[in-house]
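In the UniProt record's numbering, the protein residues as written are 1 to 108.
Below, the structure written as structure tokens:
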């Protein structure tokens with residue numbers, strides 16, 4: 001996920017909740033196999049559609065407050081925030097085509 005910036009509990013409000021455009025937060029962990037599967041797919045989507053939606057990642061082991069606040073119980077969980085609210089939740093690793101369908105409203 002080299003291209004996608006990391007966000008911490010401390011930065012979450014400023015970088016995600018107060019963002020002008022939608023923000024996809026990838027909740028992940030080092031030990032999570034499905035998280036590693038979805039990582040390069042998100043990199044591709046971010047390269048193609050980063051002008052319309054911001055992509056960030058949050059390590060749930062290093063930042064436990066935000067995942068708990070948003071009831072993230074399984075990873076990978078992809079939450080899309082718009083106007084300070086969760087407007088879409090995608091749980092589990094999905095192929096690129098499925099993610100693009102799920103994100104259609106935000107990247108059209």
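Don't be surprised by glycine CBs; every beta carbon is placed ideally from N, CA and C.
In the DSSP assignment, find the alpha helix (DSSP H) that holds residue i and state where it starts and stops.
| i | result |
| --- | --- |
| residue 37 | 33-49 |
| residue 104 | 104-107 |
Cβ of residue i within 7 angstroms of Cβ of residue j?
| i | j | result |
| --- | --- | --- |
| residue 28 | residue 67 | no |
| residue 106 | residue 53 | yes |
| residue 51 | residue 3 | no |
| residue 26 | residue 78 | yes |
| residue 154 | residue 34 | Past the boundaries of the shown model lies residue 154; the chain is included only from 1 to 108, so the question cannot be answered. |
| residue 87 | residue 74 | no |
Helix, strand or coil: which one does DSSP assign to residue i?
| i | result |
| --- | --- |
| residue 89 | strand |
| residue 24 | strand |
| residue 77 | strand |
| residue 1 | Note that residue 1 scores a pLDDT of 38, beneath 50, so its modelled location is shaky and nothing firm can be said. |
| residue 8 | coil |
| residue 149 | Since the first residue shown for the chain is 1 and the last is 108, residue 149 is missing from the structure and cannot be characterised. |
| residue 96 | helix |
| residue 16 | helix |
Would you mind giving the Cβ-Cβ distance between residue i and residue j, rounded to the nearest angstrom? I have them listed as a contact below 8 angstroms.
| i | j | result |
| --- | --- | --- |
| residue 56 | residue 16 | 7 angstroms |
| residue 22 | residue 80 | 6 angstroms |
If I follow the unbroken beta strand (DSSP E) through residue i, where does it start and stop?
| i | result |
| --- | --- |
| residue 56 | 54-59 |
Does the count of Cβ pairs from the region 83-101 and the region 58-65 closer than 8 angstroms reach three? No, the region 83-101 is not in contact with the region 58-65.
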